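Visitor: Starting off with a structure, shown below.
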Amino acid sequence: MAECKLCGKPFITAGPMICPACLKRLDNVYKKALDYLRDHPYERLNAKELAEAIDEDLVDVRALIELGWIERDISTESASEEMDKKRHLLKAFEKELSTLQGQSRKYGSYGYERYGRAKGKVEKDKD
Ligand SMILES: [Zn+2]
């Protein structure tokens, strides 16, 4: 016996943690989702937007993605988007870090040069 992940009803399962009644409902949601995605191939949706678009429960749409039924259409895309964001952040961080390092190096030598020049100027002025 297991509790259905979606409705919480106990049922007998050897596989997915979703009861037959919910699976039947998911099957219907799945068909609607596929139809919608086929009709709007260029729309980039997350689970919530898709659920709203097909007028179904977000829990069901999430379950479909978790089960991998519409993985190719939605979650892979958002996953790679996440990767891109992370890569982008990392790059930005690296850039900032090297800029900071470059600045402190520049600043150090700038101060030194300035000090040296100022000193020389003072001495020159004295002459
Ligand atoms: Zn259920």
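If you want my numbering, it's the 1-based position in the sequence shown plus 6. Each residue gets a CB set at the ideal place from its N, CA and C atoms; glycine is no exception. These numbers were taken from a predicted model, which means no experiment stands behind them.
Cutting at 6 angstroms between CB atoms, please list the residues of its own chain near residue 9, excluding the five before and the five after it.
Guide: Result list for residue 9: 16, in chain order.
Visitor: Which first and last residues belong to the alpha helix (DSSP H) in which residue 57 is found?
Guide: Counting along the chain, the alpha helix (DSSP H) containing residue 57 begins and ends at 53-59.
Visitor: Report yes or no: do three or more beta-carbon pairs, one from the stretch 46-53 and one from the stretch 27-35, lie closer than 8 angstroms?
Guide: Touching, no, given that fewer than three Cβ pairs across the two stretches are closer than 8 angstroms.
Visitor: Can you give me the start and stop residues for the alpha helix (DSSP H) that residue 42 sits inside?
Guide: Start and end: 26-45.
Visitor: For residue 62, count the other beta carbons within 10 Å of its own beta carbon; 16 or more makes it buried, fewer makes it exposed. Which is it?
Guide: Classification of residue 62: buried, given that the 10 Å Cβ count is 16 or more.
Visitor: Which of helix, strand or coil does DSSP assign to residue 20?
Guide: Of the three classes helix, strand and coil, the one that applies to residue 20 here is coil, per DSSP.
Visitor: With DSSP as the reference, please indicate the residues paired to residue 8 in a beta bridge.
Guide: Answer is 17, bridged to residue 8.
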